[in-house]
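A.B. asks:
There are 4 protein chains.
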Amino acid sequence: MSKITLNADIGESYGNWQMGNDKAIMALIDHANIACGFHAGDPLVMHTTISLAKQHNVSIGAHVSYPDIQGFGRRSMTLSRVELIAIVQAQLAMLEGMCKCQQVTLDYVKPHGALYNDMMQQPDIFESILIALKGFHQHYPLVIQGLANNKPQQALADKYKTKLRYEGFADRAYTDRGLLVSRNNPNALLNNQESLAQAGLMIAKKPILTESKQKLHIQVDTICVHSDSQSALVLCQDIRNLISQQGV
Amino acid sequence: MSKITLNADIGESYGNWQMGNDKAIMALIDHANIACGFHAGDPLVMHTTISLAKQHNVSIGAHVSYPDIQGFGRRSMTLSRVELIAIVQAQLAMLEGMCKCQQVTLDYVKPHGALYNDMMQQPDIFESILIALKGFHQHYPLVIQGLANNKPQQALADKYKTKLRYEGFADRAYTDRGLLVSRNNPNALLNNQESLAQAGLMIAKKPILTESKQKLHIQVDTICVHSDSQSALVLCQDIRNLISQQGV
Amino acid sequence: MSKITLNADIGESYGNWQMGNDKAIMALIDHANIACGFHAGDPLVMHTTISLAKQHNVSIGAHVSYPDIQGFGRRSMTLSRVELIAIVQAQLAMLEGMCKCQQVTLDYVKPHGALYNDMMQQPDIFESILIALKGFHQHYPLVIQGLANNKPQQALADKYKTKLRYEGFADRAYTDRGLLVSRNNPNALLNNQESLAQAGLMIAKKPILTESKQKLHIQVDTICVHSDSQSALVLCQDIRNLISQQGV
Amino acid sequence: MSKITLNADIGESYGNWQMGNDKAIMALIDHANIACGFHAGDPLVMHTTISLAKQHNVSIGAHVSYPDIQGFGRRSMTLSRVELIAIVQAQLAMLEGMCKCQQVTLDYVKPHGALYNDMMQQPDIFESILIALKGFHQHYPLVIQGLANNKPQQALADKYKTKLRYEGFADRAYTDRGLLVSRNNPNALLNNQESLAQAGLMIAKKPILTESKQKLHIQVDTICVHSDSQSALVLCQDIRNLISQQGV
Chain E
-3 MSKITLNADI GESYGNWQMG NDKAIMALID HANIACGFHA GDPLVMHTTI
47 SLAKQHNVSI GAHVSYPDIQ GFGRRSMTLS RVELIAIVQA QLAMLEGMCK
97 CQQVTLDYVK PHGALYNDMM QQPDIFESIL IALKGFHQHY PLVIQGLANN
147 KPQQALADKY KTKLRYEGFA DRAYTDRGLL VSRNNPNALL NNQESLAQAG
197 LMIAKKPILT ESKQKLHIQV DTICVHSDSQ SALVLCQDIR NLISQQGV
Chain L
-3 MSKITLNADI GESYGNWQMG NDKAIMALID HANIACGFHA GDPLVMHTTI
47 SLAKQHNVSI GAHVSYPDIQ GFGRRSMTLS RVELIAIVQA QLAMLEGMCK
97 CQQVTLDYVK PHGALYNDMM QQPDIFESIL IALKGFHQHY PLVIQGLANN
147 KPQQALADKY KTKLRYEGFA DRAYTDRGLL VSRNNPNALL NNQESLAQAG
197 LMIAKKPILT ESKQKLHIQV DTICVHSDSQ SALVLCQDIR NLISQQGV
Chain X
-3 MSKITLNADI GESYGNWQMG NDKAIMALID HANIACGFHA GDPLVMHTTI
47 SLAKQHNVSI GAHVSYPDIQ GFGRRSMTLS RVELIAIVQA QLAMLEGMCK
97 CQQVTLDYVK PHGALYNDMM QQPDIFESIL IALKGFHQHY PLVIQGLANN
147 KPQQALADKY KTKLRYEGFA DRAYTDRGLL VSRNNPNALL NNQESLAQAG
197 LMIAKKPILT ESKQKLHIQV DTICVHSDSQ SALVLCQDIR NLISQQGV
Chain A
-3 MSKITLNADI GESYGNWQMG NDKAIMALID HANIACGFHA GDPLVMHTTI
47 SLAKQHNVSI GAHVSYPDIQ GFGRRSMTLS RVELIAIVQA QLAMLEGMCK
97 CQQVTLDYVK PHGALYNDMM QQPDIFESIL IALKGFHQHY PLVIQGLANN
147 KPQQALADKY KTKLRYEGFA DRAYTDRGLL VSRNNPNALL NNQESLAQAG
197 LMIAKKPILT ESKQKLHIQV DTICVHSDSQ SALVLCQDIR NLISQQGV
């Protein structure tokens, strides 16, 4: 049984604007989801972020997005299938080529923001992404959200021979159906103590407790962590420690 | 002695805006300088243009630019060296990866618009481009303007081991020093008959006649042609025919 | 009873890309819906288009859009209400101010593309636009689509004291419910003869014939015409002539 | 003799990216130079920043820029005169109109970044800005850098009947000729104690001390302050106090 890994969204600065604490978080994670210039991350930011990942021997994923810098990729957009495919492949191509310039490889793909949400809710969008990945000259694995039931996604991914990795969220409450509790709900976000407990269950591959305290199994290969506050970094370090102890 | 080839700027549509007559010109040229999304050419346009080049068995170059869609890459911009290098490499990466998706290769690089002009006039910019090319994981040849004296460029390119190809313009008058007569000058543009005559001299590797009717040798490996009017297409066809006859 | 007017989408060039036949259409219309830089129309294009409208004594409307140059405002985007309001007001402000520089006035507002469609189908979006207009320092009339039943829109507009103008389409088939037949349907577009007949009914304020040849009353204050082909211009001239004769 | 005022660059966030400490600095300044969306400041940020200025009764200036979000307006761009005029007027129009929506007025104009530098060094650019201001429907004053000799700028501004305000920098060393010491020079930036001393001289309308400790008179109507660090805010508060005491 493979160990749970940590991934984080990284390289989300843009031009003169800084975002996140990339240097601190890069030392703690296994996978860096690097912005590809369509929601954040201009060419120089991409270069610098790849360099930082290389220095920490962190695996690199393409954090592909709708083309929307001003909205940070958080606004859902209706694109034709051919356009969405081209947009995903262009981002993969750009980040992959810039990785090769530093003698590192691109390892996987994780959609960002509204594209991630749309992929989880609209099979049509999910299939567009699978077609984009299959049509790319390298066939990269895809990170999606681990749910109580991922059979529909798994079946579609199998059709396109795309390998899936399932992602869990330590700091978010889950519904009984295995979805994330909406951010509009006051109970959506767990505090650090609750988050660490939930991460512990994910790391041990045990069922988590839903918002109504039901036990629920969620498939989790990797946990998404944040660096947007000192508190988030502390939680990330604690989860890192938990995983290390697990390995003993 | 290798034959002169024809190249054209292609794939310069953007979103809903069409530009040029790509289908007609692609049938006549050897090399397609494809826009990489920074002055024109969104991902879907790039995909479609690569497909068209593949269909006509035309070799593909990355037409890299300053990042300026609204200005079509025609406005000179002052970028730091690290930023310019990253911007050039990002464009190479994107077009190269999208070529690979269609099982074709990227073959060379030709800067566009203001970046092309700045490269020819500012050794610092030219060197930044050479560093970008040398630092890329594939070392592509670079197309620059053939002048009466390209020794400074050739020496710098040799330092970075970058292969140069020299480009001539059939429809532009040359000064006695081998520069293009400024577009502000009424004699800058040659008519189709004059252009065909000048192309004939370039194809035969003979000296051209400058604006003052002096004989002048310009190094030309490839001639840049246009498709922005019916007249330009006719000229292009005529030059194509000249080259074919030359081969007999 | 006021006469039917003609309106057209204008000023949709961008940087180096030209679109439409603004000079020809401006001579034929009463109202120019001028792009405000968010889907097309950079500052210089706006300036030039306002100048052309002034020259032809054509009234000017702000053709406001989602912020999406690459998608030409045709991709629906999910924006928060505060953001949508700010985006609409920013476009009004920009075009209004540039009109004042040429001593002409802004007269009305017409949403573009996906924002127009979303406004017609989602009361929430329609209300956001009404709030934006009411909150603007000048309270401009709003152009929306004339349907068989516009009571819901009229009621909401009355609440915000915004004056509505209803728009008809000469060249599009209508469903029995008064909606446009989808462009996916082969019968969606009328030929010039059918379009002129439909325009004639609108001009005479008589019921039109739906796709199933039912008589249906659509409220129409103004007809939207196009300039994207020679055929469209001919139709526009014919409708212009019809209106002129009506006036006799 | 009018009192020296404080101005600061404000509203430079963009979409999801935050910049500066607008709330803290707004309480300390007289004039807010608000970004107009071309180098920073999307419509919602503009709306929010105007609201904050109104709340603190701070006068509002349009911080107009080259069109370059990714480069934060810090990259010089070569624009034609007609394009530069249109770009400046579009920004004035947008910010002015959004001010009117909140029943406040736009008071003045201050170019940003590379446009500011180019305006100070290239009379042609300075004149383009003056033409843009004169051609706008309201004739706003223009903030430029106070030098040892501003006669050329003053003469050109007089020609276009544009009122100038001169700006000083508390935290920058001046050359004997009254220019700013280049940031590449280790002595370019003054520490807080030196800055406060220099501000004191400007407030008292006395000569400052140049880098070589020469006395030099610089015309200063307003001092530009920053909020990008806690130290900058402390300095700003100290200068504010100095001005208040001066008034006694």
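Chains as they are written, first to last, in the working numbering: chain E, -3 to 244; chain L, -3 to 244; chain X, -3 to 244; chain A, -3 to 244.
A virtual CB, placed ideally from N, CA and C, is assigned to each residue, including glycine.
This structure is a prediction, so every number in the text was calculated from the model and none was measured.
1. The stretch 49 to 77 of chain X: which residues have C-beta closer than 8 Å to a C-beta of chain E, in chain order?
2. Could you please tell me which residues of the stretch 3 to 14 of chain A, in chain order, have their CB closer than 9 Å to any CB of chain E?
3. Determine, using beta carbons only, whether residue 28(X) and residue 60(X) come nearer to each other than 9 Å.
4. Just curious, the alpha helix (DSSP H) that residue 199(X) is in, first and last residue?
5. Are the C-beta atoms of residue 18(A) and some chain E residue less than 9 Å apart?
6. Identify the residues that DSSP records as bridge partners of residue 25(X): which are they?
7. Give the straight-line distance between the Cα atoms of residue 22(L) and residue 218(L), rounded to the nearest whole angstrom.
8. Residues of chain E with CB closer than 7 Å to the CB of residue 96(L), please, in chain order.
9. Within the same chain, show all residues whose beta-carbon is closer than 7 Å to that of residue 204(X), passing over the 5 residues directly before and after it, in chain order.
10. According to a CB-to-CB cut-off of less than 7 Å, which residues of the stretch 27 to 43 of chain X neighbour chain L?
11. Closest to residue 19(A) by C-alpha separation, out of 235(A), 223(A), 239(A), would be which residue?
12. Flag this pair as yes or no: are the beta carbons of residue 74(E) and residue 72(X) separated by less than 9 Å?
13. Whole angstroms is fine: what's the gap from residue 162(L)'s alpha carbon to residue 120(L)'s?
14. Where residue 143(E) and residue 173(E) are concerned, what is the direct C-alpha to C-alpha distance, given to the nearest angstrom?
15. Could you tell me which uninterrupted beta strand (DSSP E) segments, each at least 3 residues in length, are contained entirely in the stretch 11 to 93 of chain E, listed from first to last along the chain?
16. Using 10 angstroms around the beta-carbon of residue 63(L), count the other beta-carbons present and answer buried if the total reaches 16, otherwise exposed.
17. Which value, in whole angstroms, describes the spacing of the CA atoms of residue 94(E) and residue 141(X)?
18. Looking only at its chain, what residues have a beta carbon closer than 6 Å to the beta carbon of residue 107(L), apart from the 5 residues adjacent to it on each side?
19. Whole-angstrom Cβ separation of residue 153(A) and residue 126(A), contact assumed at under 8 Å?
20. Take residue 220(X) and list the residues in its own chain whose beta-carbon comes closer than 6 Å to its own, dropping the five residues that flank it on each side.
21. Using DSSP with H/G/I as helix, E/B as strand and the rest coil, what is residue 181(E)?
22. Suppose you measure from the CA of residue 69(X) to the CA of residue 12(L); what does that come to, to the nearest Å?
23. For residue 3(A), report the span of its beta strand (DSSP E) as first-last.
24. At a CB-CB cut-off below 7 Å, which residues of chain X make contact with residue 83(A)?
25. Determine the contact status of residue 24(X) and residue 238(X), defining contact as a CB-CB distance below 9 Å.
26. Specify the secondary structure class of residue 97(L) as computed by DSSP and reduced to three states.
27. Can the beta-carbon of residue 265(A) be found less than 9 Å from the beta-carbon of residue 185(A)?
28. Taking buried to mean at least 16 other C-beta atoms within 10 Å of its own C-beta, is residue 35(E) buried or exposed?
29. Is residue 120(L) helix, strand or coil when you go by DSSP?
30. According to DSSP, is residue 236(X) part of a helix, a strand, or is it coil?
31. Beta-carbon within less than 7 Å of residue 47(X)'s beta-carbon, same chain only, minus the 5 sequence neighbours each way: which residues are those?
32. Counting only beta-carbon atoms, is residue 123(A) nearer than 9 Å to chain X?
33. So, at 8 Å on beta carbons, what are the nonlocal neighbours of residue 150(E) in its own chain, with the 5 sequence-adjacent residues on each side left out?
34. Which residues of chain A have a Cβ atom closer than 8 Å to the Cβ of residue 88(X), listed in chain order?
35. Could you check if residue 43(L) is buried or exposed, using at least 16 other CB atoms within 10 Å of its CB as the buried criterion?
C.D. replies: To lay it out plainly:
1. 63, 64, 66, 67, 71, 72, 73, 74, 75
2. 8, 9, 10, 11, 12, 13, 14
3. no
4. 188 to 199
5. no
6. Residue 25(X) pairs with nothing; no bridge assigned.
7. 15 Å
8. 133
9. 170, 194, 197, 198, 212, 214
10. 38
11. 223(A)
12. yes
13. 19 Å
14. 8 Å
15. 27 to 31, 55 to 59
16. buried
17. 48 Å
18. 60, 115
19. 6 Å
20. 3, 163, 165
21. coil
22. 10 Å
23. 1 to 6
24. 39
25. no
26. coil
27. Nothing in the structure corresponds to residue 265(A), since chain A is present only between -3 and 244.
28. buried
29. helix
30. helix
31. 98
32. no
33. 160
34. 93
35. buried
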